[in-house]
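Residue numbers (the working numbering): 20 to 251.
C-beta atoms are modelled at their ideal positions from N, C-alpha and C, and glycine is treated no differently.
Take a look at the structure set out below.
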């Protein structure tokens with residue numbers, strides 16, 4: 020097994036050192052039957068934990084959850100293995116997918132969630148062979164999936180609440196800026212000057228024009244003011 024893992028490491032390093040874009044365009048993760056390396060490992064006669072660990076650390080998660088031509092993922096095949104040797108592989112996969120990948124972005128509940136999931140994953144390992152029947156194993160894994168779904172809903176709801184709070188704070192800051200701007204115009208008389216004085220200078224122009232649309236014309240036209248001053 021160690022020789023196999025070392026050979027895989029060598030091949031992987033050689034591929035990684037090549038052109039990544041070229042590799043991604045041509046790399047296939049599945050064979051003609053739709054089976055990827057994870058399918059091959061978990062359906063082998065001798066289950067190798069070291070090889071599965073190698074794949075989990077290097078292959079993208081989309082390969083792990085992809086199905087074959089029968090729409091079965093590697094976990095589907097792993098859960099129908101009746102041997103006790105399948106349990107460590109199930110535990111390793113669940114640990115990698117559900118526990119290790121959880122990002123702690125400031126929620127105090129994350130450590131509690133991880134501890135709860137780890138406890139349920141450990142519960143898959145029972146001492147007697149009688150308790151290692153497929154139905155019991157599937158029931159325990161289903162409970163883990165249920166808890167992950169529950170925690171995911173809480174996390175998504177918390178993210179939405181956080182986004183709404185940020186949006187509310189930005190809108191409040193914008194309202195305060197608009198109020199401050201109106202107060203400044205009121206105190207300095209800018210509202211009166213822009214609306215009435217410029218409207219008087221350009222007689223006949225629409226008074227609905229804003230100050231921003233008038234300032235460029237006022238600054239760029241050299242004839243405005245000069246001829247009027249001479250005539251006056």
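Write down the C-beta distance between residue 167 and residue 117 rounded to the nearest angstrom, noting that I regard them as a contact closer than 8 Å. 5 Å
Would you decide whether residue 70 is buried or exposed? Buried here means 16 or more other CB atoms lie within 10 Å of its CB. buried
Any idea if residue 61 is buried or exposed, counting beta-carbon neighbours within 10 angstroms, 16 or more meaning buried? buried
Quick check on the burial criterion: 16 or more other C-beta atoms within 10 angstroms. Buried or exposed for residue 112? buried
Using only alpha-carbon positions, find the residue among 66, 193 and 137 that is nearest to residue 100. 66
Just the Cα atoms here: how many angstroms apart are residue 59 and residue 52? 11 Å
Minimum length 3: unbroken beta strand (DSSP E) runs contained in the region 65-133: none
Residue range of the alpha helix (DSSP H) that includes residue 58: 56-61
Own chain partners of residue 159 with C-beta closer than 8 Å, once the 5 adjacent residues on each side are dropped: 139, 142 and 143
In three-state terms, what does DSSP make of residue 144? coil
Work out the CA separation of residue 182 and residue 190 for me, nearest whole Å. 12 Å
From residue 74 to residue 194, what distance separates their C-alpha atoms? 53 Å
Local Cβ density within 10 Å of residue 156, reported as buried at 16 or more and exposed below that: buried
Using 8 Å as the threshold, is the C-beta distance between residue 108 and residue 81 below it? no
If you count every other CB in all the chains shown that lies within 10 Å of the CB of residue 136, and 16 or more means buried, which is it? buried
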